[in-house]
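Chains as they are written, first to last, in the numbering used here: chain A, 32 to 322; chain B, 244 to 659; chain C, 121 to 435.
Written out as structure tokens, the structure reads:
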């Protein structure tokens, strides 16, 4: 039906798109794995990070790759503060309340952006976006390849963090057994906030890598929320390898179902996978045993 | 589950409080808070209600529409206001539809009770359809701006007018122009690819085009719908590259249009031309500025100004100076507010029925659109039509029909 | 049982108060406000049955609402059904979708966040399908012809719509009251508190949950039917998009989940909040919604059990 050329090209492109999904999911899966909260403000955070990259470029001439040194750390702090001083106190530890709090935060952020920066679409154009790497049947824009490499690097960094550092061990301890961790002297509130902060920083990394080939508006995050959740569930909530593999896999699924069913109907490809995974393998491909 | 033990109040008192709140809201609504003025406008100001999506997914379009509307109102006010009413000023009252029909209806009802003489706006077909139902019930005229659904006019509703063309008019003209252009340049375009957003206007246009194009000798080799928003157009670019259409016809909103055009350019899709029908970015200066290379040669058949009119040129320079992009929402709302003001002028009052009558008999030519004087039949302006533009260099030129052209058309477009 | 009696008393007073509103309100805008308020209370109550009493949070309640709206539109437009007959089919269809999703989800043991996400996924699947299918109007959506008349369930006078939605809301409230006093309701709440313990006690949790989701879905579909008759228009975003899903959960959660009055209080407060912020800050886009979000957080800070927390000394 489709010649192998197109299929390969589409698959390769799907992988590059999936890399961005993976990055977003890495943050979300850490937040879910440790705090057990579904962060409704995920898309809004991505949008804010995109604006940060945009303004850094427009006002200070900083390109998005250099911004990787600025925006993620800043968003780490933002995330830490949000969790420690807003979500935790207002959430009272109940899942439902936390959901509403993150929903409230997303409403505030979306409209803050609209109020401050209007609804005009912002674009940046960097020289790297015009560079194309030939790969036989197709040519891929350089920023996309950078995205793939970056997501693997970030995934590795995550793994190192989680397995080789004390912080990582503390995070894993809290994720597995909250009360026990507290008993051995780990400040659970601090760990929660650290996790949320790291997760938010991840989203900021995704934003830096996304902006050369995309755009910013106050509503830009909406389109990423559902796919991020799907990636997290597919990969297994709390698994970083899962988020990486899941993201790449979904990027390809999305590309194939778009090819086969058309871009509109093809959207169900991702959601059907989502439903099937939820029903038959809710722990995802790599998830831990459910608590 | 943690309990909230901080509010140990006596049980009966708060229950009374609930009923008090219900009662208070009920009283407020009986008194008509927040609407205060009953009846029509005073002789000092005439109010026009702008039903625009200022928040939600169409926030950009609503904001642009208000720019046009404000320019028109300010212009007339500066020139002395409504002469037939002794210099009464025009006041625009914004009703944010939040890109949702419920809010559009609510705002129409609210503003109808605040002495609005008529409405302008809608923007999206779903919003316009429901808003006009409400305005008709309230017997207030409603001038629809950009919404193209053919069902907006012709429902027999009171006071619904559309200055700009609907689906049918747009596709008829777009196809006719395409055939004429193609015939005049040696019939080089034979195969067509349709790329459209899967919402109301995109899929409607695509369906009509799909039916009509074969009748004019074109072969449709590809028909690609995509959702708004779409994150990545590489796949679509690849599909287009492999089906090698002579002509690509995109119909979508601004952001997707930009991504699509960039993808076509980057994937080096061989084509003879891009001929949009209501292409969101194709006649947008922002696109021309920011992605000039990808924009070269793109043609659009869309709402556009009549470049010959002095008023149009003044509008363009005002927008330039204010650094606001000229988009169709600006022109349509500018023209519609001028039309409304003309009707108020002819009616000599802010009375809704008089304005309705004035619109029914209107022969207004003070707008900036290439339509000639208005003539509304069943609410639709008969002379309405889109015209063809093309991006050449750093400008959006009008290229067809010849009497409006500001530059010579380049068709087909040499592969760049 | 005195709690039940008290709640019934309050409900009766409330209903009486609501029923006389049209006698005092002449403004179309305010009539519309009350209609939409009750509409949101209905949707909220439908969510409340499953999420408040049953503890099964759904993030995609629009899937039931949209089915109600679309099916009634399709029945009238494509099959020439009378509006009332179409409504019955639509409500049945909504319940059917509830059974389908419930059977799948509960059979495979989905709980908590997993269940919530699966409802969201189903809503999205339905949204994409109706948007791509000509039969359901594809991108354009479904439009009902304007034909006021009792037989068409369309009323020129908005007050009649008000009474219609009032009746529907009363029915939904009746269901909630029934939950408060019936064995089924007790089982449902037991499942919410501790599903495994409930199972150990011999409760057929699968059947109870299935019944709850079917009832919840049918009620939401009823809201969908009303919406269609009132606005005469629905598209994939309105019907199956996140907006209605968020309203469905926000209303009862803010008002007080698992209570009969919660959805009313939630709908009232959110409605008033929305109008107040629009009135005071409507000029600059975004400002009023930001205020809405901030006020939402403030309510969560001080009333974590919803506004019903103001009215109860204990949980």
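Where a beta carbon is used, it is the ideal one built from N, C-alpha and C, also for glycine.
The CB of residue 509 of chain B comes closer than 8 angstroms to the CB of 163, 170 and 172 in chain A, given here in chain order. Look at residue 265 of chain A here: in three-state DSSP terms it is helix. Counting the other CB atoms within 10 Å of its CB gives residue 200 of chain C a total below 16, which places it among the exposed residues. Within 10 angstroms of the beta-carbon of residue 116 of chain A lie fewer than 16 other beta-carbons, which makes it exposed. At least one CB of chain B lies nearer than 8 angstroms to the CB of residue 358 of chain C. If you draw a 10 Å sphere on the C-beta of residue 162 of chain C, you find 16 or more other C-beta atoms in it, and that means buried. A direct Cα-to-Cα measurement between residue 126 of chain A and residue 68 of chain A gives close to 7 angstroms. Among the residues of chain C, none has a CB under 7 angstroms from the CB of residue 474 of chain B; the nearest is roughly 15 angstroms distant. Taking 8 angstroms as the cut-off, the Cβ atoms of residue 344 of chain C and residue 187 of chain C count as close. Counting along the chain, the unbroken beta strand (DSSP E) around residue 166 of chain A starts and ends at 163 to 166. Residue 295 of chain A reaches chain B at 441, 468, 469 and 470, counting residues in chain order whose Cβ is nearer than 7 angstroms. Between the alpha carbons of residue 211 of chain C and residue 342 of chain C lies a gap of roughly 6 angstroms.
The closest CA to that of residue 189 of chain C, considering only C/424, C/227 and C/250, is found on C/250. Uninterrupted alpha helix (DSSP H) stretches at least 4 residues long and entirely within the region 410 to 468 of chain B occur at 410 to 427 and 443 to 455, given in chain order. Judged by DSSP secondary structure, residue 235 of chain A falls within the alpha helix (DSSP H) whose first and last residues are 219 to 241.
Those residues of the region 473 to 492 of chain B placed with their C-beta closer than 8 angstroms to a C-beta in chain A are 473, 474, 475, 477, 478, 479, 481, 482 and 485, ordered along the chain. Between residue 147 of chain C and residue 356 of chain B, the C-beta spacing is below 8 angstroms. By alpha-carbon distance to residue 319 of chain B, the top candidate from B/386, B/333 and B/395 is B/333. Taking one beta carbon from each stretch, the region 265 to 284 of chain C and the region 127 to 145 of chain C have 3 or more pairs nearer than 8 angstroms; the two touch. Membership of residue 383 of chain C in any beta strand (DSSP E) is not indicated; the residue belongs instead to the alpha helix (DSSP H) covering 382 to 401.
For residue 365 of chain C, none of the residues of chain B pass the 9 angstroms Cβ criterion, the least Cβ distance being about 14 angstroms.
At a cut-off of 8 angstroms between beta carbons, residue 405 of chain C contacts chain A. According to the DSSP secondary-structure assignment, residue 170 of chain A is paired through a beta bridge with A/165. Taking the C-beta atoms as reference points, residue 652 of chain B is found nearer than 8 angstroms to residue 424 of chain B. For secondary structure counted as the alpha helix (DSSP H) over 4 or more consecutive residues, the region 456 to 538 of chain B holds these complete runs in sequence order: 477 to 486, 497 to 509, 528 to 533 and 535 to 538. Rounded to whole angstroms, residue 497 of chain B and residue 586 of chain B show a C-alpha spacing of 33 angstroms.
In this structure the region 406 to 421 of chain B does not lie against the region 233 to 248 of chain C, because fewer than three pairs of beta carbons, one per stretch, are closer than 8 angstroms. Following the DSSP letters along the chain, one finds residue 352 of chain C in no beta strand (DSSP E), marked with neither H nor E.
Against chain A, the beta carbon of residue 251 of chain C has neighbours under 7 angstroms at 295, listed in chain order. For residue 264 of chain C, no Cβ of chain B is located within less than 8 angstroms of the residue's own Cβ. Between the region 399 to 416 of chain C and the region 352 to 364 of chain C, the count of C-beta pairs closer than 8 angstroms stays below three; the two stretches do not touch.
For residue 339 of chain B, the secondary structure class from DSSP, reduced to helix, strand or coil, is strand.
Setting aside the 5 residues that flank it on each side, residue 444 of chain B is surrounded in the same chain by 391, each with a C-beta closer than 6 angstroms to its C-beta; the list follows chain order.
Chain B places no beta carbon closer than 8 angstroms to that of residue 267 of chain C, leaving this residue out of the contacts. Taking 8 angstroms as the CB threshold, residue 428 of chain C stays off the interface with chain A.
Along the region 288 to 320 of chain C, none of the residues has a CB nearer than 7 angstroms to a CB of chain A.
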